[in-house]
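Just below is one structure, and these are the notes that go with it.
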Amino acid sequence: MADPPDKTNNYNSFIPDSTGAMVLDDEMSQQVTLNVSMQQCLAQANSEGRLISGFKNVFTFLENNSSELILFCILPENLWNDSRRKAAFRLVASFCDERRVRMIKVDDDQLVRKIIERTSSSQLSAGKADLSFECVLVLRRWPDQPCCDAELLRHHARFPGHDFDNLPLVRLLESS
Numbered sequence: 030m031a032d033p034p035d036k037t038n039n040y041n042s043f044i045p046d047s048t049g050a051m052v053l054d055d056e057m058s059q060q061v062t063l064n065v066s067m068q069q070c071l072a073q074a075n076s077e078g079r080l081i082s083g084f085k086n087v088f089t090f091l092e093n094n095s096s097e098l099i100l101f102c103i104l105p106e107n108l109w110n111d112s113r114r115k116a117a118f119r120l121v122a123s124f125c126d127e128r129r130v131r132m133i134k135v136d137d138d139q140l141v142r143k144i145i146e147r148t149s150s151s152q153l154s155a156g157k158a159d160l161s162f163e164c165v166l167v168l169r170r171w172p173d174q175p176c177c178d179a180e181l182l183r184h185h186a187r188f189p190g191h192d193f194d195n196l197p198l199v200r201l202l203e204s205s
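In my numbering, the protein residues as written are 30 to 205.
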């Protein structure tokens, strides 16, 4: 009996289909789709000024505004157990849970930063050098949601819980 494919790297995430052609397995395919959607969503929201980042800014927005204005709160898993940020992180997650704000757990705050900075003009990037990407709110775009947001909404609908520990991880991939 053959061992199941090793999903720790992209080379082993291909499996033979019924014709013998090598295709991405469903789990890897979903991760790639989510990754592309997340990058498009962040890039578009950034270019339209619909991002709020950093614990203080996110907390203030959550405290003073309706959750109807918020599409997602993006929280990086790598910071969840960081002792310096744990209390603030849990407070934001708790506020999101209480207000029924959709949380999306991603693997790395630095990849979120890279995605956002890549879509910023050089002037904006220089001004954002001191911003924190510990958590990011993506605000709604009225009246219609673009297609990249729709894919993330479908992902969240498959995993509707608001408990950060039990949310599935969206692994961000660097793209050129």
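Heads up, the beta-carbon is just placed ideally off N, CA and C, and yes, glycines get one too. Here the structure is a predicted model, which means the values were calculated and not measured.
Can you list, in chain order, the residues of its chain whose CB lies under 7 Å from that of residue i, leaving out five sequence neighbours each side?
i	result
L120	F88
D111	none
L108	R114, F118, D138, E163
Between the Cα of residue i and those of the options, spot the shortest distance and give me the residue it belongs to.
i	options	result
S82	T148, D138, E106, N195	D138
V130	V61, N110, L104, S112	L104
R128	S95, L71, R200	S95
L196	A74, R113, D136, V61	D136
D194	L168, S76, A122	A122
L168	V65, S76, Q60	S76
A186	I99, A74, M132, E106	M132
I208	N107, E106, F90	With the chain covering 30 to 205 only, the question about residue 208 has no answer from this structure.
R170	L108, E146, Q73	Q73
A117	N86, R142, K134	N86
Just to confirm my understanding: we take residue i, look at its own chain, exclude 5 residues before and 5 after, and list those with CB closer than 8 Å. What are they?
i	result
E92	F124
A31	Low per-residue confidence applies at A31: pLDDT is 48, beneath 50, and the placement is therefore not dependable, though the value from the model is reported in the following sentence. There are no such residues.
Do residue i and residue j have their C-beta atoms closer together than 8 Å?
i	j	result
L207	L166	It is not possible to answer for residue 207, since the shown part of the chain is limited to 30 through 205.
S161	F101	no
E97	L198	no
Who are the Cβ neighbours of residue i in its own chain at under 6 Å, not counting the five residues just before and after it?
i	result
I144	Q68, L71
K157	Caution applies to K157, whose pLDDT of 49 falls short of 50 and renders its modelled position unreliable; the value that the coordinates give is listed next. Around K157: no qualifying Cβ.
R142	F162
S151	Unreliable placement is indicated for S151, whose pLDDT of 43 sits below 50; no coordinate value is reported for it.
For my contact list, residue i and residue j are in at a C-beta cut-off of 8 Å; report their separation, rounded to the angstrom.
i	j	result
E163	R200	With 8 Å as the limit, E163 and R200 do not qualify as a contact, their Cβ atoms being about 18 Å apart.
Check whether the Cβ of residue i lies closer than 7 Å to any heavy atom of the ligand MG, and answer yes or no.
i	result
G83	What this structure holds is no ligand at all, so the ligand MG is not there to describe.
With a cut-off of 8 Å, does the C-beta of residue i fall near any C-beta of chain B?
i	result
L140	Annotation note: the requested chain B is absent from the structure, which comprises a single protein chain.
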